[in-house]
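J.: Handing you this structure, nothing more for now.
There are 2 protein chains.
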Amino acid sequence: MEKDVTIYDIAKLLQLSPATVSRALNDHPAINSNTKVIIASKAKEMGYRSNMFASNLRRQRTSTIGVIVPRLDSAFMSTVLAGMEKVANEANYNLIISQSLESFKKEVANTKTMFDSRVDGLLVSLASDTENLDHFNTFFRKGIPMILFDRVIEQKNCTNIVIDNVKAGYEATAHLIDQGCRRIMHITGSIKRNVYADRLKGYRLALMDHGLEGADELVKITNLTREDGVQAAADIQQMNSPPDGLFVASDFCAVSCMGALMQAGVSIPDDMAVVGFNDDPVAQVIQPSLTTIHYPGQEMGEIAAQSLINHLNGLLRINTTNTILLNYELIVRKSSQRHL
Amino acid sequence: MEKDVTIYDIAKLLQLSPATVSRALNDHPAINSNTKVIIASKAKEMGYRSNMFASNLRRQRTSTIGVIVPRLDSAFMSTVLAGMEKVANEANYNLIISQSLESFKKEVANTKTMFDSRVDGLLVSLASDTENLDHFNTFFRKGIPMILFDRVIEQKNCTNIVIDNVKAGYEATAHLIDQGCRRIMHITGSIKRNVYADRLKGYRLALMDHGLEGADELVKITNLTREDGVQAAADIQQMNSPPDGLFVASDFCAVSCMGALMQAGVSIPDDMAVVGFNDDPVAQVIQPSLTTIHYPGQEMGEIAAQSLINHLNGLLRINTTNTILLNYELIVRKSSQRHL
DNA sequence: TTTATTAAAGCAATCGGTTGCATAACAATT
DNA sequence: AATTGTTATGCAACCGATTGCTTTAATAAA
């Protein structure tokens, strides 16, 4: 069990005061650059590592960013986190990551933990049933900045990083119309969440713009699970006039629904053209491959983390910037491509 | 911007010393239970939260556990982490999570960050090209405990939590043999990793036990990506005597290979029976559904975290327990079930 | 030579909770 | 009454880095 090297050890060895050592290691201008070199090399030689706790205690900050996401198990979220980690590391920030598992209750619990950990800032993507941001009030009161990404609620003094889900929903739907669909069903998640509410809005706009009429039975609000996909397929079979196009707000659910439909003898894309959302890896391995909306996770993570860090360093006022929109892309694959 | 409440504030208000307040909040036996109640309620009323940094600094521990995993984006890993989080929360430990993205280099970097964060213990699942545990030496020297799970390297004084991959590989292969397969191909990942080396071993044992001969061309070492699956399918098409069974060490790769084979006209399971590994959600949505090996992620996470915490609390010597084996289960679905 | 200026380094308090040891108050025992 | 024991609390040092203010030394200016 080795003991940790402290600045006092270095100071004693070099016949200097701890204050000088501390300043030197932090590149303080009042320290002779020659002294800095000597101290730095001695520190390295002795295997010195700053004690974050002493430093944090004194500085009243933690160099830690809290991240709360609904789930970790999506390829999308994984790339978002990779992006955040990259930026955070470069800026010498640490990440504390936790998942709400789509539960508001757990999100609140995570929020408490983050508060106790005294994170300097917060990056959050909301659980599906979160309706307001009151549980973050402790943070707001202390002036701890927060950035919401992907699943957001608009609120002043809180930057949002999102894609234009209305437009993406519109485009997905318009693409189906282009392929000749006239009766398009939309399967989506809780419309408490902007992502789903907006995609639905886009879907409706597209129908309207193309002179198609919507119908209540053509919009299904679900949890977007595998079972929901199967159930939707069963429901479709029961309909008097079944749809000829399907826009699902999540790839995984789209795939399970597609599978169930095909087993029931529905031909895809000819009887039913399908578009998903997110560009999950499954979209490529499935037969037929799934048309979907792709959007940049890594970039979203990087921008979120960078904006927060810039704000913490006083380089950017978060409350002035309010929404950052990223680009998405419709990726056309076989599930929707009819040979007209 | 509110200011934080400290034990000094509480002490002053109650005309007590900070020491008493501290002891009361930590349920120290020397404090009158009545006093404890008064202090606790006052603390709550004032919204007191312990300053972890002061506490950590003094106690020389952090109540933080570092977790390094290859990737976050698998359903399996997500449940592992959920299990760890649950146990850690209950024991008042925090989790710092990072992903190596299967790169040894990044794993080393993560290790350094963890060390700087002074985690009390480490839970690690190794990157695919990690060959030894030398980068953890700084931890060993300081007596910081580490538990490896799933992707491990055996080493004394380091508990491993795994399933019996040899047996699982054996069982998967034997199942294919049961279904009438006589020429079984195995697609796997880097055999530097125990999980893949062991599954391969099990595969070979099963062949041997059933009097089947293996062949070099029947074993493919890949990265288990989507592309590798497609490539494998292409290779199979080129073979003089193609296999009639396929055991792939990862569901995702199995699915992409299966898809490519089916497109080439191969009938599954009749021409080719397929077994995957991991029970990824994709196994259920694919057509035909994929036979696979399921193993308990949540449990693995809980046990790993609990063992580590027990060790930290002196309730368990990690170095005496060396390997914990969890159960797995072969889940037979349509991709391998022949109607004999 | 004296004074002002600047550069470099040190002193000592501080952050907030923890803990070994001392102390006070009171009860029990001899 | 004196001694021992018990219970509850306080004192003060400590963890290690940071930082406002002071001091020292060296150099420049008067």
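Protein chains in written order, with UniProt numbering: chain E, 1 to 340; chain F, 1 to 340.
Ideal Cβ placement from N, Cα and C applies to all residues, glycine included.
Can you check the stretch 112-159 of chain F for any alpha helix (DSSP H) of at least 4 residues that lies completely inside it and give the ranges in chain order?
T.: Segments of the alpha helix (DSSP H) lying fully in the stretch 112-159 of chain F: 137-141.
J.: Would you mind stating whether S128 of chain F and R193 of chain F have Cβ atoms separated by less than 9 Å?
T.: Here residue 128 of chain F is taken as the residue at index 128 of the second sequence, counted from 1. Here residue 193 of chain F is taken as the residue at index 193 of the second sequence, counted from 1. The answer is yes: Cβ separation under 9 Å.
J.: Strictly by DSSP, which residues pair up with M185 of chain E?
T.: Stepping through the first sequence from its first residue, residue 185 of chain E is reached at position 185. Bridge partners of M185 of chain E: E:L246.
J.: Just the C-alpha distance for T138 of chain E and N278 of chain E, rounded to the nearest angstrom, thanks.
T.: By 1-based counting over the first sequence, the position of residue 138 of chain E is 138. By 1-based counting over the first sequence, the position of residue 278 of chain E is 278. Approximately 33 Å between the Cα atoms of the pair.
J.: Pick helix, strand or coil for L315 of chain F, following the three-state DSSP scheme.
T.: For the purposes of this step, residue 315 of chain F is taken as the residue at position 315 of the second sequence. Note: L315 of chain F maps to coil in three-state DSSP.
J.: Who does S98 of chain E pair with in a DSSP beta bridge?
T.: By one-based count along the first sequence, residue 98 of chain E stands at place 98. Looking at the DSSP assignment, S98 of chain E forms a beta bridge with E:I68.
J.: Only counting runs of 4 or more residues, tell me where the alpha helix (DSSP H) segments fall wholly within the stretch 206-240 of chain E, in order along the chain.
T.: Fully enclosed alpha helix (DSSP H) runs of 4 or longer: 226-238.
J.: Can you give the Cα-Cα distance for E90 of chain F and A11 of chain E, rounded to whole angstroms?
T.: Counting from 1 along the second sequence, the entry for residue 90 of chain F is found at position 90. Counting from 1 along the first sequence, the entry for residue 11 of chain E is found at position 11. So the two alpha carbons sit approximately 41 Å from each other.
J.: Measure the Cβ-Cβ separation of I147 of chain E and L122 of chain E and say whether it is below 9 Å.
T.: Along the first sequence, one-based indexing puts residue 147 of chain E at 147. Along the first sequence, one-based indexing puts residue 122 of chain E at 122. Yes, these two residues count as a Cβ contact at 9 Å.
J.: Kindly say whether E85 of chain F, judged by its beta-carbon, lies nearer than 9 Å to any beta-carbon of chain E.
T.: Position 85 of the second sequence, counting from 1, holds the residue named residue 85 of chain F. Yes, because at least one Cβ of chain E sits closer than 9 Å to the Cβ of E85 of chain F.
J.: With DSSP run on the structure shown, which of helix, strand or coil describes L57 of chain E?
T.: In the first sequence, residue 57 of chain E corresponds to position 57, counting from 1. L57 of chain E: helix per DSSP, three-state reduction.
J.: For A197 of chain F and D216 of chain F, I'd like the C-alpha separation in whole angstroms.
T.: On the second sequence, position 197 is the one that residue 197 of chain F refers to. On the second sequence, position 216 is the one that residue 216 of chain F refers to. Cα to Cα, A197 of chain F sits roughly 15 Å from D216 of chain F.
J.: To which residues of the same chain is N26 of chain F closer than 6 Å at the C-beta, ignoring the five residues directly before and after it?
T.: Taking the second sequence and counting its residues from 1, one reaches residue 26 of chain F at position 26. No residues qualify anywhere along the chain.
J.: Can you check whether the CB of L81 of chain F is closer than 9 Å to the CB of L101 of chain F?
T.: Stepping through the second sequence from its first residue, residue 101 of chain F is reached at position 101. Stepping through the second sequence from its first residue, residue 81 of chain F is reached at position 81. No, Cβ-Cβ distance for L101 of chain F and L81 of chain F is not below 9 Å.
J.: Using a Cβ-Cβ distance cut-off of 9 Å, determine whether V266 of chain E contacts chain F.
T.: In the first sequence, counting from the first residue as 1, residue 266 of chain E sits at position 266. No, no contact with chain F.
J.: Using a Cβ-Cβ distance cut-off of 9 Å, determine whether P296 of chain E contacts chain F.
T.: In the first sequence, counting from the first residue as 1, residue 296 of chain E sits at position 296. Chain F contact via Cβ: absent.
J.: Do you know how far the Cα of A206 of chain E is from the Cα of L176 of chain E?
T.: On the first sequence, position 176 is the one that residue 176 of chain E refers to. On the first sequence, position 206 is the one that residue 206 of chain E refers to. Rounded to whole angstroms, L176 of chain E to A206 of chain E spans 10 Å at the Cα level.
J.: Rounded to a whole number of angstroms, what is the C-alpha to C-alpha distance between V328 of chain E and G301 of chain E?
T.: Walking along the first sequence from the start, residue 328 of chain E turns up at place 328. Walking along the first sequence from the start, residue 301 of chain E turns up at place 301. Per the sequence shown, residue 328 of chain E should be read as Tyr rather than Val. Cα-Cα distance, rounded: 15 Å.
J.: Let me know the alpha helix (DSSP H) ranges lying completely inside the stretch 254-289 of chain F, each 4 residues or longer, listed in chain order.
T.: Listed in chain order, the complete alpha helix (DSSP H) runs (minimum 4 residues) inside the stretch 254-289 of chain F are 282-285.
J.: From which residue to which residue does the alpha helix (DSSP H) around L25 of chain E run?
T.: Position 25 of the first sequence, counting from 1, holds the residue named residue 25 of chain E. Residues P18 to L25.
J.: What is the residue span of the beta strand (DSSP E) that H28 of chain F lies within?
T.: Residue mapping note: residue 28 of chain F aligns to position 28 of the second sequence, counting from 1. Where H28 of chain F is concerned, there is no enclosing beta strand (DSSP E), given that its DSSP letter is neither H nor E.
J.: Using beta carbons (cut-off 9 Å, strictly below), is I96 of chain F in contact with chain E?
T.: Residue mapping note: residue 96 of chain F aligns to position 96 of the second sequence, counting from 1. Chain E, which has a Cβ nearer than 9 Å to the Cβ of I96 of chain F, makes this yes.
J.: From which residue to which residue does the beta strand (DSSP E) around I293 of chain F run?
T.: On the second sequence, residue 293 of chain F is found 293 positions in, with the first residue counted as 1. Residues T292 to H294.
J.: Under the three-state reduction of DSSP, which class applies to V5 of chain E: helix, strand or coil?
T.: To locate residue 5 of chain E, count along the first sequence from 1; it is residue 5. Coil at V5 of chain E, not helix or strand.
J.: Can you look up I163 of chain F in the DSSP assignment and give me helix, strand or coil?
T.: Translated into positions along the second sequence, residue 163 of chain F becomes position 163. If DSSP states are grouped into helix, strand and coil, I163 of chain F belongs with the strands.
J.: Between the alpha carbons of M258 of chain E and I163 of chain F, how many angstroms are there, rounded?
T.: On the first sequence, residue 258 of chain E is found 258 positions in, with the first residue counted as 1. On the second sequence, residue 163 of chain F is found 163 positions in, with the first residue counted as 1. Going by the C-alpha atoms only, they are around 34 Å apart.
J.: Give me, in chain order, the residues of the same chain whose beta-carbon lies closer than 7 Å to that of I38 of chain E; leave out the 5 immediate sequence neighbours on both sides.
T.: Along the first sequence, one-based indexing puts residue 38 of chain E at 38. Answer for I38 of chain E: L14, listed in chain order.
J.: For R141 of chain E, which option in E:L126, E:N157 and E:D150 has the closest C-alpha, if you only look at C-alpha atoms?
T.: As a working mapping, residue 141 of chain E is identified with position 141 in the first sequence. For the residues E:L126, E:N157 and E:D150, the minimum Cα distance to R141 of chain E belongs to E:N157.
J.: Could you check if Q179 of chain F is buried or exposed, using at least 16 other CB atoms within 10 Å of its CB as the buried criterion?
T.: Sequence index remark: in the second sequence, residue 179 of chain F carries index 179 (1-based). Result: buried.
J.: Which residue or residues does DSSP assign as beta-bridge partners of L325 of chain E?
T.: Residue 325 of chain E sits at position 325 when you count from the first residue of the first sequence. DSSP, once it has assigned bridges, lists E:V162 as partnering L325 of chain E.
J.: Three or more C-beta pairs under 8 Å: does that hold for the stretch 41-48 of chain E against the stretch 262-274 of chain E?
T.: Touching, no, given that fewer than three Cβ pairs across the two stretches are closer than 8 Å.
J.: I need the straight-line Cα distance from G245 of chain F to N223 of chain F, nearest angstrom please.
T.: Position 245 of the second sequence, counted from the first residue, corresponds to residue 245 of chain F. Position 223 of the second sequence, counted from the first residue, corresponds to residue 223 of chain F. If you take the alpha carbons of G245 of chain F and N223 of chain F, they lie about 20 Å apart.
J.: Is it buried or exposed, E85 of chain F, if we count other Cβ atoms within 10 angstroms and call 16 or more buried?
T.: On the second sequence, position 85 is the one that residue 85 of chain F refers to. When all chains shown are included, E85 of chain F counts as buried.
J.: Which whole-angstrom value describes the C-beta separation of S117 of chain E and T64 of chain E, a residue pair presumed to lie in contact below a C-beta threshold of 8 Å?
T.: As a position in the first sequence, residue 117 of chain E is number 117, starting the count at 1. As a position in the first sequence, residue 64 of chain E is number 64, starting the count at 1. Yes, S117 of chain E and T64 of chain E are in contact; Cβ-Cβ is about 7 Å, under 8 Å.
J.: Nearest to S335 of chain F by CA position, among F:S33, F:V255 and F:D209, is which residue?
T.: Start at 1 with the first residue of the second sequence, and residue 335 of chain F comes out as number 335. Measuring from the Cα of S335 of chain F, the nearest candidate turns out to be F:V255.
J.: Is the Cβ of M239 of chain F closer than 9 Å to any Cβ of chain E?
T.: Within the second sequence, the letter at position 239 stands for residue 239 of chain F. Answer no: the Cβ-Cβ gap between M239 of chain F and chain E never drops below 9 Å.
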